[in-house]
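So the sequence shown is numbered by the numbering used here: it starts at 272 and just counts up by one.
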Amino acid sequence: MAQRAFSIIAGLALALLTLGPIAAVLVRAEGLGSFRPGDFEALQFTVWQAALSGVFSTILAVPVARALARRQFVGRGLLVSLLGAPFILPVIVAVMGLIAVFGQNGLLNTALAFLGGPRLDIYGLHGVVLAHVFFNLPLATRMLLQAWLSIPSERFRLSASLGLSPWGQFVTLEWPLIKRIAPGAFAIIFVICLTSFAVALTLGGGPRATTVELAIYQSMRFDFDLGRAAMLALMQLGLAVIAGVIALRLAPAQSFGVGRGRSVPRWDGQSVFSRLWDSAWIFAAAAFLLIPLALVVLKGLPGLLDGAGQGTLIAAKHSILVALTSTALSMAWALPLANRKGELLSVAAIAMSPLVIGTGLFLILRPFVNPFSMALPVTTLVNAMMALPFALRILRPEAEAVHQDFGRLRATLRMTPWAWFRLVWMPRLKRPLGFAAGLTAALAMGDLGVIALFADPDRATLPLQVYRLMGAYQMEAAAGAALLLLILSFGLFWLFDRGGRVGADT
C-alpha cells in the first residue's frame with residue numbers, strides 16, 4: 272500500500288509539472304495557433320530522422336552489447352564507461368568533435384582527398400542521423416548490456432551441457448532478451464530525437480532539415496507566437512506518447528529466473544570467428560565514439576587555463592550543485608515509478624519541449640517572485656524531470672524482474688516495506704540505479720535549455736558560460752571551458768556508475 276501511494280504521488284507530480292507549464296502558455300496565448308505551410312514538412316522531417324536514428328542506434332547496439340557481454344579483456348571496464356561519454360556530452364561540444372572528424376576539413380575528408388576520393392558533406396539528413404547515432408548508440412548499448420548481464424550465467428552453462436548450437440543458444444536465451452529491451456530503447460531514442468534542437472540547428476543544412484523543435488524555437492524567439500509554439504509542442508507530445516505506447520506493447524515483461532548471483536564462465540562464442548567478430552564490433556564502436564572525443568580534448572587543452580577564469584569557476588560550481596540535486600530528486604522520483612505506467616507517463620516529460628516548459632514556468636512564477644532569482648532551482652527541477660524517462664528505462668526491467676522473482680517470497684515471509692526495500696529491492700537495483708544516477712548527473716551538467724531562458728550573469732551554469740564565450744568569439748577560452756565541462760560531466764557519471772557496480776558482477 273505504501274509503495275502504491277508513493278507511486279500515485281510521484282505520478283501526479285510528474286503530470287502536473289508536464290501539463291502545468293503548457294497550460295500556462297495556452298492561457299497566455301489565448302488558445303492554440305494554426306499550422307503554417309512549413310510545419311508539415313518539419314513534422315515529416317522530424318519523424319523520419321527520429322525513426323532512422325532510433326533504428327540505426329538500436330540495431331548497431333545489439334552486436335556491440337553482445338560482444339561486451341561475453342568478452343573479458345584488459346581495460347574492458349574503462350571502455351564500457353567511456354562508451355557512455357558521447358551521450359553525456361553537451362550537444363554543441365559533441366557536434367564540434369563530429370565536425371572535426373566528418374566535416375569539410377575533418378580527418379575523414381582529409382584522408383579521402385589524399386586518396387583521391389570524393390568529399391563527404393556532413394550537413395543535411397545524413398548529418399543529423401549520424402550525430403544522433405553518435406549520441407544514442409552508447410545509450411542503447413548500455414541498456415542492452417545491462418540486460419545481457421542480468422541473464423544468470425547458469426543458463427549459459429546449461430545450454431552448453433545440452434549441446435545447443437550457437438544459433439540455438441541465441442534463439443533460446445538472447446533473442447527473447449533483445450525483444451524485451453530493444454523496443455523500449457528504440458522508443459526512448461525516437462523521443463529524444465523528436466526534440467532535437469542543437470543538432471538540427473548546427474547540422475540540418477537549411478529549411479528542408481527543420482525539426483518541430485526548431486519551429487518551436489522560431490515561434491518563441493523571433494515571432495513570440497505562443498499559440499503556434501503550444502500547438503507544435505502538443506503535436507510533439509502526441510507523437511512521443513504514441514511511440515511509448517507502441518514500445519510498451521511490444522516489450523512484454525519477462526524474466527530468466529533467479530540465479531545464484533555468482534560469476535560463472537561462459538562457454539559460448541569461443542571459436543576464432545566469434546572472437547574476431549566481437550573484436551571487430553568493439554573496435555569499430557570504440558573508434559566511432561572515441562575519436563571525436565579525443566579531438567575535443569586536443570582542441571580544448573590549449574584553452575583550459577584561459578577558460579578557467581573566475582566566471583567559469585563560479586559557473587562550474589553552479590553546474591555541480593544543479594547536477595547533484597537533480598540526481599537525488601530524479602532517483603527519488605524514479606523508484607516509485609519503476610513500472611510500465613510510470614514509464615509511459617514519463618515519456619511525456621521528455622517529449623515536451625524544454626523551451627515551452629521553461630516559458631510556462633516563467634509565466635507561472637512571474638506574479639509571485641522574480642523568475643530570474645529562481646533560475647537554478649527551476650533548472651534543477653526540469654533537469655530531474657527530463658532525465659526521468661532514461662532512469663525508468665534502465666530501472667524498470669530489473670524492478671519488474673525483482674517483483675516477479677521474489678514477490679511470492681515477500682508475501683510468504685510477510686516482509687515489511689522497509690525490509691523489502693533494504694534486503695531485496697536496493698541490492699538487486701544497485702547496478703542499474705548507479706548507471707541511472709550517473710546518466711542523470713551528466714545530463715544535468717551539460718544541459719543548455721531552461722537556464723538560457725532564466726539565468727542572469729550571476730547564475731550561469733557551465734554550458735551557458737561556454738555558449739557566452741563562443742558568442743564573444745573567445746574560442747580558445749570556450750574550448751577550455753568545454754573541456755572542463757566534459758571532465759566534470761564524465762567524472763560525475765563515472766563516480767555514480769562505479770558506485771553502483773562495486774560488489775556487483777559487471
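For each residue, glycine too, the CB sits at the ideal point set by N, CA and C.
Using a Cβ-Cβ cut-off of 7 Å (strictly less than) and excluding sequence neighbours within five positions of residue i, which residues of its own chain qualify?
i: L448; result: A418, W419, I422
i: I370; result: G377, I393
i: Q525; result: Only weak support exists for where Q525 lies, its pLDDT of 47 falling under 50; the value from the coordinates is given anyway. Hits under 7 Å: P447, R451.
i: A605; result: L659, A662, L663, L666, A707
i: G768; result: First, the amino acid is wrong: residue 768 is Asp here, not Gly. Cβ neighbours of D768 beyond the five flanking positions: S352, G705, F706, G709.
i: S601; result: A655, A658, L659, A662, T711
i: L396; result: Q320, A480
i: L763; result: A594, G709, A712, A713, M716
i: P523; result: With a pLDDT of only 46 at P523, under the threshold of 50, the placement of this residue in the model should not be trusted, and no figure is reported.
Locate the alpha helix (DSSP H) running through residue i, then write down its first and last residues.
i: G571; result: 543-571
i: R685; result: Premise fails: R685 is in no alpha helix (DSSP H) and is neither H nor E.
i: F783; result: With the chain running from 272 to 777 in the structure shown, residue 783 is simply not present.
i: I393; result: Segment: none, I393 is in no alpha helix (DSSP H) and carries neither H nor E.
i: L448; result: 446-465
i: Y738; result: 733-742
i: S328; result: 308-341
i: T473; result: 469-474
i: A703; result: Going by the sequence as given, residue 703 is Pro instead of Ala. Counting along the chain, the alpha helix (DSSP H) containing P703 begins and ends at 697-717.
i: V442; result: Careful: V442 lies outside any alpha helix (DSSP H) and carries neither H nor E.
i: F373; result: 362-373
i: R347; result: 347-353
i: A384; result: 378-386
i: T598; result: 581-605
i: V483; result: 483-489
Sorted by chain position, which residues of the same chain lie with C-beta nearer than 6 Å to residue i's C-beta, five sequence neighbours on each side aside?
i: L632; result: P292, V649
i: S490; result: D496, R499, A500
i: F327; result: V404
i: V366; result: T473
i: A670; result: A609
i: A456; result: T329, A411, M414
i: G742; result: none
i: F468; result: E484
i: T481; result: A313
i: A750; result: K570, G571, G574
i: V267; result: Shown here, the chain extends from 272 to 777; a query on residue 267 therefore has no answer.
i: V529; result: Confidence at V529 is low in this model, with a pLDDT of 43, below 50, so the placement of that residue should be treated as unreliable; the coordinate-derived value is given next. Result list for V529: D676, in chain order.
Please check the pair residue i and residue j, which I expect to be a contact at CB under 8 Å, by giving their CB distance rounded to whole angstroms.
i: S617; j: L285; result: 7 Å
i: A662; j: T711; result: 6 Å
i: L354; j: A556; result: 7 Å
i: I459; j: R664; result: 5 Å
i: L508; j: A321; result: About 14 Å; that fails the 8 Å criterion.
i: A713; j: F677; result: A713 to F677, Cβ: 31 Å. No contact.
i: W759; j: A587; result: In the sequence as presented, Trp is not what sits at residue 759; that position holds Leu. Rounded, the Cβ-Cβ distance is 6 Å, consistent with contact.
i: G571; j: A753; result: 6 Å
i: G368; j: V567; result: 4 Å
i: L757; j: L360; result: 7 Å
i: A338; j: W552; result: 5 Å
i: T630; j: V296; result: 6 Å
i: A336; j: L416; result: 4 Å
i: T583; j: L755; result: 7 Å
Tell me whether residue i, by its Cβ, gets closer than 7 Å to a heavy atom of the ligand FAD.
i: L704; result: Of ligands this structure carries none, so the ligand FAD is not represented either.
Apart from the five residues just before and just after residue i, which ones in its own chain have a Cβ nearer than 8 Å to its Cβ?
i: V400; result: Q320, L323, S324, F327
i: W765; result: S352, G709
i: G374; result: N380, I393
i: Y744; result: none
i: H589; result: L647, R730, A731, T732, L733
So, does the CB of residue i fall closer than 8 Å to a CB anywhere in chain C?
i: G325; result: Annotation note: the requested chain C is absent from the structure, which comprises a single protein chain.
Inset, instruction - Specify whether the segment 652-667 and the segment 704-723 touch according to this definition: at least 3 beta carbon pairs, one from each stretch, less than 8 Å apart. - result: Yes: the two stretches touch, three or more of their Cβ pairs being nearer than 8 Å.
Inset, instruction - Please determine if the segment 735-747 and the segment 598-616 are in contact, where contact requires at least 3 C-beta pairs separated by less than 8 Å. - result: At 8 Å Cβ cutoff, the stretches do not touch.
Legend entry - Contact the segment 693-707 vs the segment 552-567: 3+ CB pairs below 8 Å: Too few Cβ pairs lie closer than 8 Å, so no.
Inset, instruction - Mind the definition here: the segment 538-558 touches the segment 339-353 only if three or more C-beta pairs lie below 8 Å; say whether that holds. - result: Yes, the segment 538-558 is in contact with the segment 339-353.
Inset, instruction - State whether the segment 303-319 contacts the segment 377-392, with contact taken as three or more CB pairs (one from each stretch) at a distance under 8 Å. - result: Contact between the segment 303-319 and the segment 377-392 is absent, because fewer than three Cβ pairs lie under 8 Å.
Legend entry - Inter-stretch contact at 8 Å, needing at least 3 Cβ pairs: the segment 436-447 / the segment 307-326: The count of Cβ pairs closer than 8 Å, one atom from the segment 436-447 and one from the segment 307-326, stays below three, leaving the stretches out of contact.
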